[in-house]
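Colleague:
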Amino acid sequence: MADEIKIIWLSNNEDTSSKRATDIYEKYYKSYKEVVNNILMNILDYSIVYCYFKIRNYSRITSTNFIERINKKLEELKSQLFFPNIKINSRYHVAMYLIKYMGI
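As structure tokens, this is what we get:
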């Protein structure tokens, strides 16, 4: 079943992903009713949202870990002893605000 579920996310088309999910749903519904209902069908729309974007944008949305990206940027900024321009200084303060007040 795991290999079949992986096939859903390997396609680059919403219709194909939905069709594959429906096929898996019909195949395993009798045996694994709760698993199929709760996991496969409830999260499918959210998990194939990448299909709505053009292929050239896939690399930008493959990593959904927002916190890791912010931490990486912060480490880059912390390693600098001074900020060479106002734009970088502003980014640092915005990131610090997000961490402090938004709980990121």
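So for the sequence shown, the numbering used here puts the first residue at 1423; every next one is plus one. Using N, Cα and C, we set each Cβ at its ideal position, and we do this for glycine too. Since we're looking at a predicted model, the values are computed, not measured.
1) Using a threshold of 8 Å, state whether the C-beta atoms of I1461 and A1443 are closer than that.
2) Between the alpha carbons of M1524 and S1453, how many angstroms are there, rounded?
3) Straight-line CA distance for N1459 to Y1451?
4) Mind checking whether A1517 and K1494 have CB atoms under 8 Å apart?
5) Taking the alpha carbon of A1424 as the reference point, which residue from V1457, N1511, N1435 and T1438 has its own alpha carbon closest?
6) Suppose you measure from the CA of E1497 to the CA of Y1514; what does that come to, to the nearest Å?
7) Quick check: what's the CA-CA separation for K1509 versus Y1519?
Modeller: Reading it off the structure:
1) In this structure, A1443 does not lie closer than 8 Å to I1461 by Cβ.
2) Their Cα atoms are separated by approximately 43 Å.
3) One C-alpha to the other measures close to 8 Å.
4) Contact: no.
5) Across the set V1457, N1511, N1435 and T1438, the C-alpha of V1457 shows the shortest separation from the C-alpha of A1424.
6) Looking at the backbone, the Cα of E1497 and that of Y1514 are separated by about 10 Å.
7) C-alpha separation (whole angstroms): 15 Å.
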